[in-house]
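Numbering (the numbering used here), first residue to last: 769 to 1057.
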């Protein structure tokens, strides 16, 4: 059996290296940057490579890499489309060529037949429903803290759609959070059923914002993948399971789960949060009449 060759070229891999094993026998050691419709993006020796899904055999995440802010202060979070994936950094529909990796085995890249659909090409299941018109008349709701919280969440749901900028979405989350928190802390609003559902909706919307920020910064995917919010969204868990099967990864790998949650999993999170708002509408139907 031929030995798999690690692409190193007189370079010592970092302690927090990720490893992508290819069907050609190569192992790429570097930093996984994310996924695009064209494949898996990994940075090797300062250069990004996009590896087609059909060439990826297995993947192993290294320890989380701590952020290293520049000397001038903390970096601004990178902008990321929500969730329409940005154009791939450097399209490359095959493994690195021998010219780029002198130690790589000179073997064919493998059969050209297409593999499973890449994770970024999602099915209709993960497309969030358009914000439906609520039958709730907000002006009739009481107390005012509930009214304000519902208005903030409806406004947030309106921008939780593909194409919204990360900055706008995050700003709406920041605006909605204190209004929802104020209702949750209101002792004059003793509806634990409403509070439980609203708390979950807000948590899912906020988790979507933080997960996408981590994905944009290529940060601690594993930390995102361990967040309890994932368990509160069955749609997202199904997407993680499906993508893991397609890519032959482990669905219970926190880093893989976090990478999916922060990218094409955002519509799943939005849909789960929207479902919670619809449930609130049913609970409030009697009061709003």
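Virtual Cβ for every residue (Gly too), placed ideally from N, Cα, C.
Whole-angstrom distance between residue j and residue i, CA atom to CA atom
i: residue 1052; j: residue 932; result: 29 Å
i: residue 1049; j: residue 995; result: 27 Å
i: residue 968; j: residue 1003; result: 15 Å
i: residue 1042; j: residue 1036; result: 10 Å
i: residue 912; j: residue 918; result: 10 Å
i: residue 1019; j: residue 927; result: 29 Å
i: residue 815; j: residue 807; result: 16 Å
i: residue 809; j: residue 950; result: 42 Å
i: residue 973; j: residue 796; result: 35 Å
i: residue 945; j: residue 975; result: 12 Å
i: residue 1022; j: residue 988; result: 10 Å
i: residue 811; j: residue 817; result: 6 Å
i: residue 792; j: residue 970; result: 45 Å
i: residue 813; j: residue 829; result: 17 Å
i: residue 790; j: residue 1005; result: 26 Å
i: residue 1016; j: residue 785; result: 20 Å
i: residue 823; j: residue 1009; result: 20 Å
i: residue 960; j: residue 940; result: 25 Å
i: residue 1011; j: residue 803; result: 11 Å
i: residue 805; j: residue 825; result: 17 Å
i: residue 867; j: residue 827; result: Its pLDDT being 38, under 50, residue 867 is placed unreliably by the model, and the measurement read from it follows with that caveat. Computed Cα separation, rounded: 24 Å.
i: residue 929; j: residue 1001; result: 17 Å
Cβ-Cβ distance between residue i and residue j below 9 Å
i: residue 948; j: residue 966; result: yes
i: residue 1030; j: residue 1007; result: no
i: residue 915; j: residue 906; result: yes
i: residue 1045; j: residue 909; result: no
i: residue 991; j: residue 1027; result: no
i: residue 787; j: residue 986; result: no
i: residue 977; j: residue 934; result: yes
Enclosing beta strand (DSSP E) for residue i [first to last residue]
i: residue 795; result: 795–804
i: residue 828; result: 824–828
i: residue 808; result: 807–812
i: residue 935; result: Careful: residue 935 lies outside any beta strand (DSSP E), inside the alpha helix (DSSP H) at 934–952.
i: residue 961; result: Not the beta strand (DSSP E): residue 961 falls in the alpha helix (DSSP H), residues 960–985.
i: residue 818; result: 815–819
i: residue 786; result: 786–790
Residue range of the unbroken alpha helix (DSSP H) whose run includes residue i
i: residue 992; result: 989–993
i: residue 1026; result: 1022–1029
i: residue 1004; result: 1002–1015
i: residue 916; result: 912–927
Outcome for residue i when other beta-carbon atoms lying within 10 angstroms are tallied against a minimum of 16
i: residue 758; result: Lying outside 769 to 1057, the shown extent of the chain, residue 758 is not represented and no answer is given.
i: residue 999; result: exposed
i: residue 801; result: buried
i: residue 958; result: exposed
i: residue 955; result: exposed
i: residue 1039; result: buried
i: residue 820; result: buried
i: residue 938; result: buried
i: residue 953; result: exposed
i: residue 1025; result: buried
i: residue 1013; result: exposed
Any non-hydrogen atom of the ligand GDP closer than 8 Å to residue i Cβ
i: residue 1045; result: Questions concerning the ligand GDP fall outside what the structure shown contains, since it holds no ligand whatsoever.
Three-pair Cβ contact test at 8 Å for the segment 976–989 versus the segment 954–965:
No, the segment 976–989 does not touch the segment 954–965.
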